[in-house]
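Novice: In this text, residue positions in the sequence shown follow full-length UniProt numbering: the first is 1, and each later residue adds one.
The beta carbon of each residue, even a glycine, is placed where N, CA and C say it ideally should be.
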Amino acid sequence: MLRIAHITDTHISKEKQPLDGINTREQFLRILKEIKTREVDLIIHTGDVSFPEGSRTVYAWVKNILEETEIPYLLTPGNHDDPFMMQEVFNVQNLPAKVITTGAVAMKGQSLMFLDSSSERLTMKQLLWLKREIEIEEDQLFLFQHHPPCTCGVKVMDEKYPYKTPELFQKNLKETERSLILFCGHYHIEKELTLSTPDLKVFITPPTFGSIDPDSEDYHIKDQRPGWREIRIESQQLVNTSCHYLQ
């Protein structure tokens, strides 16, 4: 069985300033301390590592902290990140990449796909890669990216900060006639959505610094508890997934 700790939206600033009154570095450290007590094979961070833009200082600090856990980890960028800067800091020559923009990784016999949605859209290069990967992969498909490729019933995020190409993403998946399980962040809440056409299941993971009010028309933090998601996959099937919060 593959046990994954999914974290997202750490929003760590270079100046060490709090965000919405929350010490995002401290929240991140608390989450990793909790994850270290679990039987976890892999940590996946789906972006917005840094805030409000990419920072080598932040990436170097996060890399050092993740290395200290001694747990394998992977990252894919969010809209506040700089993908090229992340690769320069995290990826070491002649070693497997830590930052995955567009690609697939196999671990304990399980295949995991990654897409970089830092541009807030599905690029043509990504579209072609995704089609090929879906054709090759015979088992259940698992994809990690920062944005959910659909509206999610959270007004402030759907209207102000949406994924720009949901129709293209969904059309491509529908044409393949395959089912996809997608794990993401960006919306700063915990939510689960199921689309029938295409066959798409979306799990939104809460951020490590606090969750917004999903019913508000304005962006504001409602719950300051840091959160993360536990994912268990066996024989290319999702066994279970659940979110955990620290008080």
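For ILE22, which residues of its own chain have a beta-carbon under 8 Å away from its beta-carbon, when the five flanking residues on both sides are left out?
Specialist: Contacts found: PHE209, GLY210, ILE221 and GLN224.
Novice: Let me know the secondary structure DSSP gives ASP158 once reduced to three states.
Specialist: ASP158: helix per DSSP, three-state reduction.
Novice: Please give me, in chain order, every unbroken run of the beta strand (DSSP E) with length at least 3 that falls completely inside the region 25 to 107.
Specialist: Correct list: 42 to 45, 73 to 75 and 102 to 107.
Novice: Counting C-beta neighbours from all protein chains within 10 Å, is the total for LYS98 16 or more, i.e. buried, or is it exposed?
Specialist: By the 10 Å Cβ count, LYS98 comes out buried.
Novice: Could you name the residues that DSSP lists as bridge partners for TYR245?
Specialist: Paired residues: GLY227.
Novice: Name the one or two DSSP bridge partners that PHE183 has.
Specialist: PHE183 is bridged to PHE144 and PHE203.
Novice: Return the Cβ separation of ASP139 and SER118 in integer angstroms, given the expectation that the two are a contact with Cβ distance under 8 Å.
Specialist: Contact doesn't hold; Cβ gap of about 28 Å is too wide.
Novice: What is the DSSP secondary structure of residue 268, reduced to helix, strand or coil?
Specialist: Since the first residue of the chain shown is 1 and the last is 247, residue 268 is not available in this structure.
Novice: For MET85, collect the residues of the same chain with a Cβ closer than 7 Å to its Cβ; drop the 5 residues on either side in sequence, then sort them by chain order.
Specialist: GLY54, ARG56 and TYR59.
Novice: Just reading off the beta strand (DSSP E) that LYS191 is part of, what are its end residues?
Specialist: Element bounds for LYS191: 191 to 195.
Novice: Under 8 Å by Cβ, that's how I've got VAL40 and ILE12 pegged, so tell me the actual separation to the nearest angstrom.
Specialist: VAL40 to ILE12, Cβ: 21 Å. No contact.
Novice: Between the Cα of GLN145 and the Cα atoms of SER196, PRO72, ARG3 and THR102, which residue gives the shortest distance?
Specialist: For GLN145, the nearest C-alpha among the options comes from THR102.
Novice: Let me know the secondary structure DSSP gives ASN209 once reduced to three states.
Specialist: In the sequence as displayed, the identity of residue 209 is Phe instead of Asn. The answer is coil: DSSP assigns PHE209 none of H, G, I, E or B.
Novice: How about LEU32 and THR69: are their beta carbons less than 8 Å apart?
Specialist: Taking 8 Å as the Cβ cut-off, LEU32 and THR69 qualify as a contacting pair.
Novice: Rounded to whole angstroms, what is the Cα-Cα separation between TRP61 and ARG3?
Specialist: For TRP61 and ARG3, the distance between alpha carbons rounds to 25 Å.
Novice: Could you give the first and the last residue of the continuous alpha helix (DSSP H) run that contains LEU19?
Specialist: First-last for LEU19: undefined, no H or E at that position.
Novice: So what does PHE114 bridge to, in DSSP terms?
Specialist: In DSSP, PHE114 forms a bridge with GLY103 and PHE144.
Novice: The alpha helix (DSSP H) that contains GLU167, what's its start and end?
Specialist: From DSSP, the alpha helix (DSSP H) with GLU167 extends over 166 to 176.
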